[in-house]
Each structure stands twice: as C-alpha cells, then as structure tokens.
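What follows is a set of notes on a single structure, which appears directly below.
Protein chains: 2
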Amino acid sequence: MYKYEYPHPAVTTDIVIFTIRDERLQLLLIKRRETPYRGKWALPGGFLQMKETLDECAARELEEEAGISNVYLEQLYTFGAVKRDPRERVISVAYYALIPSNKLAIRPSSDADAVGWFGMKELPSLAFDHSEIVERAYERLTAKLTYSTIAFQFMPMEFTLTELQNVYEIILQEDIDKRNFRKSILALDSIVETKNMKKEGAHRPAKLYKLKNPKQVLVIK
Amino acid sequence: MYKYEYPHPAVTTDIVIFTIRDERLQLLLIKRRETPYRGKWALPGGFLQMKETLDECAARELEEEAGISNVYLEQLYTFGAVKRDPRERVISVAYYALIPSNKLAIRPSSDADAVGWFGMKELPSLAFDHSEIVERAYERLTAKLTYSTIAFQFMPMEFTLTELQNVYEIILQEDIDKRNFRKSILALDSIVETKNMKKEGAHRPAKLYKLKNPKQVLVIK
DNA sequence: TTGACATAGTGTATTGTATACACTAACATG
DNA sequence: CATGTTAGTGTATACAATACACTATGTCAA
Chain A
1 MYKYEYPHPA VTTDIVIFTI RDERLQLLLI KRRETPYRGK WALPGGFLQM KETLDECAAR
61 ELEEEAGISN VYLEQLYTFG AVKRDPRERV ISVAYYALIP SNKLAIRPSS DADAVGWFGM
121 KELPSLAFDH SEIVERAYER LTAKLTYSTI AFQFMPMEFT LTELQNVYEI ILQEDIDKRN
181 FRKSILALDS IVETKNMKKE GAHRPAKLYK LKNPKQVLVI K
Chain B
1 MYKYEYPHPA VTTDIVIFTI RDERLQLLLI KRRETPYRGK WALPGGFLQM KETLDECAAR
61 ELEEEAGISN VYLEQLYTFG AVKRDPRERV ISVAYYALIP SNKLAIRPSS DADAVGWFGM
121 KELPSLAFDH SEIVERAYER LTAKLTYSTI AFQFMPMEFT LTELQNVYEI ILQEDIDKRN
181 FRKSILALDS IVETKNMKKE GAHRPAKLYK LKNPKQVLVI K
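Protein chains in written order, with our numbering: chain A, 1 to 221; chain B, 1 to 221.
So, in structure tokens, the structure goes:
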C-alpha cells in the first residue's frame, strides 16, 4: 500500500504501433480481457513503473505486448481528460512506433487471438479515448512523412525504390510520380545502392538500396 | 492521506511563457522559495488536481502564478526522467504560452521580486530539468513560426506590419526583406487593415492591422 | 516655410524548386 | 523469340522564393 498526502493520478503509456502490411497501413491492437471495456480492442500500453522513464516504459510495453524491440518510437502527446478511465484518474502519455515489415513477428504476447493487426480504415471501435490517440498519431505520421525521412523506418534493411514509393502512397493515399519521387528521395542523400538486386516475377529486377544511417530520422528542408 | 495499491508518480504542468519585450524574446521565471533548488529560478507550474484536465491545470497555473489568462497555450512535451525531482517521482507535462506585449501586467503573484522576465539569451541557471524544457519550447516556437500563424499571438489587438516583422526577426534572429515579408504575410489573408494609424516619432505613420480571427492559429502550406 | 531626417510603403526581374510527362531496359515465361 | 511486366531515366514548364531601390508622409528644427 502506497500513501501520499495528496491524491496522485496513475500514469500509463499507450502505443500506436504502425506497420505496412498487405499494402495497407495497419496498427496493432489488443483485446481487453479485463473490465472496463472488457472484450474491446485497445492500444497496447500499461502503467509507468517508478524506476523507468516514460521512453523506457513505452519500449517495455512494446516488447512485452508485441514482442517488438529496437524500432522507431516517439512520444506523441499526453492525454489527461478527467474521466478518460472510469476506474481512477489516469494520465496517458501516448507514443507511436513504426515497424518494418520484416519485423512483423507478432509474438502473441500472453495469449493467441488477443492481438491483431487492423487496417487504419477498418478499425474496430476502441476502448477509452484510444480513437482520439490513433487519430492524432496518424496526423503526426502523415505530417512527418512530408518533412522528414521517417518513412524509411518502415523499410527492411534492403529495399527497392518502388517499395519505398508504395509506403508513401499507402500512407498519404495519393499517387506519386515515379520519376519525381526517385529524384527527391535520392536528393536526400540518405540511401545508397547495395550490390544486390531484387528478382521477383517475370520482369526486370530492381536495385536494392539501404539506409546510410539506419536509425537516423532527418528533418528535411 | 491517499492510498494506492501500487505507487503513483506525481503529475505537474510547467509552462514556458514567452513574450517579446524590449526587442527581445523573453520568458517568465519564478524564484523558488522552497527546497529543492531554493533560491533558483524555475518555470511556473504546479501539481495537477484530480478534477481538472492537463490543459486546465496549465491555464490555472498561468493565471495563479503570472496573472495571465486567455492567451495561446499549447502542450509541448512530457518529461519523465526518473530523478528529475529529488523529492519524489514527478512527471511534468510541459506547456508553452505566448503573451502579447500589451498583456504584460505581471501580477507579482504572491510576492513581488519573486517573478521576473528574462531574455532567452540571458537566462539564469534553472532548477530541475527546466533548461531542457525551455530549449524544446524554443525549438517548437521557431519551427511553428515558419509553418503557422503562431507569431500573431504575440501581437496586441492592433499592430503595424513593421512591428510584426520585428517579432519574426527577434525570434528567428535573422533579417527579413521588408517587401517579401509584407507580400507573404498579406497572402495569408489572416489580417486586415483597420482605419487607424500609428503615429510615433518624426516620420510617416504606419497603418494598423488586426487579425481576422484573433484566436485562430493556422497551419500554412 | 522649408529642408533634413526617419520610417512606411510599393513592384519587377531572376533564380530555384516542384511538377508534368513517355519511352527504353531487363528479366521470365510460353 | 514474342509477349508481358516492372525498372529505370531526362527535360520542359509552371510556380514560388528571393533579391533589390526608390517614393511617400509625417515631425522637427533652423
């Protein structure tokens, strides 16, 4: 039992985990097995521990609930509506993470069918204020796509320019001119050709590229 | 005495209050009269109450500690280093506020010389991790200056284009071409001429402008 | 009253960036 | 070896950003 002279809220982190799967922007949800919102889908997340920072808490939840580590993770916004959790006062520091498609090993966490990927356009109704969190994360993601190299964080180690273009087109939901796209991406000077080619199907193979600095996200212009 | 089954951190809001004063970007600090960091300057802020949202908490602190209300106030970032406060675990949700120069009535809060404005370049050493908070607030401010109409929030009801240009030049610390500045500002279609002129000194008077929607901050382009 | 001074106010030419657009190259397969 | 499919490439045009200098309107002092 912990005692304080004045009331303290609980603090949690909730994480919007984005990936590109099946040509769609998807995110990871967890089915709640406890009240409140029992049976509803919710963002992965959990309570802050006293000996970890907020970043560490988010990374830990990402690891525990989705089996994912060492990916792009950024603080999004802090949500503090008074009744956002019916049990007690809970402040949620929201994060979002980007997962490259090759890291998609959903470790089913504790239990199998309780974790799932959902397309942004086919989201179920969510617990708490998680819809609002998702919306804000999507806004941030689309904004950053246009003024940073954040999209590279969705890519596996080696990728083709067409694959990269697909990521942009899927997230922004608009067609991009192939030549202009390649011109602007190469102008960033963030990726280099590898010696490898992607051979797939009955057509010309594509050059594979890789990031010069895999973890670095640059703000451009 | 409040009791919980597991430990809860304290939650505070801290506010970086910017204004333009004496041709400089300045911010409001408060001298601490309690330990820890007794006698050091710190950002205004305080503990979240159970019945108020984070935004309300920040607005309340702004009012209580600086006597300022009804100004631009935006959540900045949440700071959660484990030992950022030596007393107990404290999560700080940082905000920043922009004060028009005409609202500068520093109500000395509880007591006189404990509140002061400091130029960004002449800041004293600050308590806690408040230097880090200030730095991030300044980054956000300069970034938003270039892609939103946030700078208008520094202006009084009526202002001249030269005064507005000065605000940009002071914050960005660079000279701006007068004709290009006026062209781009008027292109935003956010301000209109008033019938008034500012007569001051031995020279041609300047037209006074006002915001079409005083509270609105637009993201541009 | 008028000349000197100080800031307000205005337009255009040039440069750089973003966009639109179509054909050839290289592979697999039948 | 013809067909189908995706990879890969350059240029002309439109638009936006920048550089740049003179006239206008007031006050004040001689």
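The beta-carbon is built from N, C-alpha and C at its ideal position, and this holds for glycine as well.
Beta-bridge analysis with DSSP links residue 79 (chain B) to B:92. For residue 185 (chain A), the enclosing alpha helix (DSSP H) starts and ends at 178 to 187. Identification of chain B residues near residue 75 (chain A) by a Cβ-Cβ cut-off of 8 Å yields 77, 78, ordered along the chain.
With respect to the C-alpha of residue 208 (chain B), the residue from B:165, B:70, B:192 having the closest C-alpha is B:192. Taken through DSSP and simplified to helix, strand or coil, residue 197 (chain A) comes out as strand.
Between residue 150 (chain B) and chain A, the shortest Cβ-Cβ separation is not below 8 Å. The CB of residue 203 (chain A) never comes closer than 7 Å to any CB in chain B; the least such distance is about 38 Å.
Of all alpha-carbon atoms in B:69, B:120, B:90, the one lying nearest the alpha-carbon of residue 97 (chain B) is that of B:69.
Using beta-carbon distances, residue 89 (chain A) counts as an interface residue toward chain B, with a partner under 8 Å. In this structure, A:55 is the residue among A:201, A:37, A:55, A:203 with its C-alpha nearest to the C-alpha of residue 78 (chain A).
Under the 8 Å Cβ criterion, the stretch 115 to 132 of chain B does not count as touching the stretch 80 to 98 of chain A, having fewer than three qualifying pairs. In terms of CA proximity to residue 169 (chain A), A:146 leads the group A:35, A:186, A:49, A:146. In this structure residue 13 (chain A) does not touch residue 82 (chain B) by the C-beta definition: roughly 14 Å separates them, more than the 8 Å allowed. A check of alpha carbon separations from residue 135 (chain B) across B:76, B:218, B:217 identifies B:76 as the nearest. Between residue 72 (chain B) and residue 153 (chain B), the C-beta spacing is below 8 Å.
Residues of chain B whose Cβ lies closer than 9 Å to the Cβ of residue 217 (chain A) do not exist; the shortest such Cβ separation is about 15 Å.
Our two residues, residue 210 (chain B) and residue 216 (chain B), have alpha carbons roughly 13 Å apart in a direct line. Identification of chain A residues near residue 8 (chain B) by a Cβ-Cβ cut-off of 8 Å yields 2, 4, 8, 9, 10, 11, ordered along the chain. Distance from the Cα of residue 30 (chain B) is smallest, within the candidate group B:67, B:21, B:48, for B:67. Counting C-beta pairs with one atom in each stretch, the stretch 32 to 49 of chain B and the stretch 4 to 13 of chain B have three or more that are closer than 8 Å, which means they touch. Residue 118 (chain B) sits close to residue 26 (chain B), with the two beta carbons spaced by under 8 Å.
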